[in-house]
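Below you'll find the structure, written out as structure tokens, and then a few comments.
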Amino acid sequence: MSDIPASEPERASEPECSPEPERPRVPERSREAAPVPGSVPGSSEGSVPGLSAGAVPGALPKPTPMPPPTPDITYTQCKRCGTELAGLDGRYSCGVCGWSNHWSEGHRPLPRAEDDPDAPPTPVNPLGEQ
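Here the working numbering is used: the first residue of the sequence shown is 174, the next is one more, and so on.
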């Protein structure tokens, strides 16, 4: 008789290694519909259901536009008193003597007021006079 209880299966033939991790299931890609012979490209006749007339099957959607770049911290010396200054994109103001460079001397154009999402609404004249 064997020393192994009958309830346990014999494992002598199985290698002692860790099981392979399960791979995530990837859904099968549906086949793209073949063009219908005699159909005109761009027409709705013979087109793939669910696509607009100008869409290309399998094409990726347009990427969203990139947000505007964040300002860079730049350094210079005050032109009036020599204090070292830090500014954003080449725009400086000295806290010692009050000097500031002109806004047009910056490295990038300033954003327009219309582009500011946090701008307060335009005030309305309560008298209705313009």
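No residue lacks a Cβ here, since even glycine has one placed at the ideal position from N, Cα and C. Keep in mind it's a predicted model, so treat the numbers as computed, not measured.
Asked, Found
"Using DSSP's beta-bridge definition, name the partner residues of A232.", "Paired residue(s): none; A232 is not in a bridge."
"Buried or exposed for L258, going by 16 or more other Cβ atoms inside 10 Å?", "buried"
"According to DSSP, which residues form a beta bridge with Y248?", "A259"
"Taking the C-alpha atoms as reference points, what is the distance between D291 and S266?", "24 Å"
"Between the Cα of P284 and the Cα atoms of T295, E278, T247 and P241, which residue gives the shortest distance?", "P241"
"Heavy atom of the ligand FAD less than 7 Å from the Cβ of K235, yes or no?", "In terms of ligand content, the structure shown is empty, and the ligand FAD therefore cannot be addressed."
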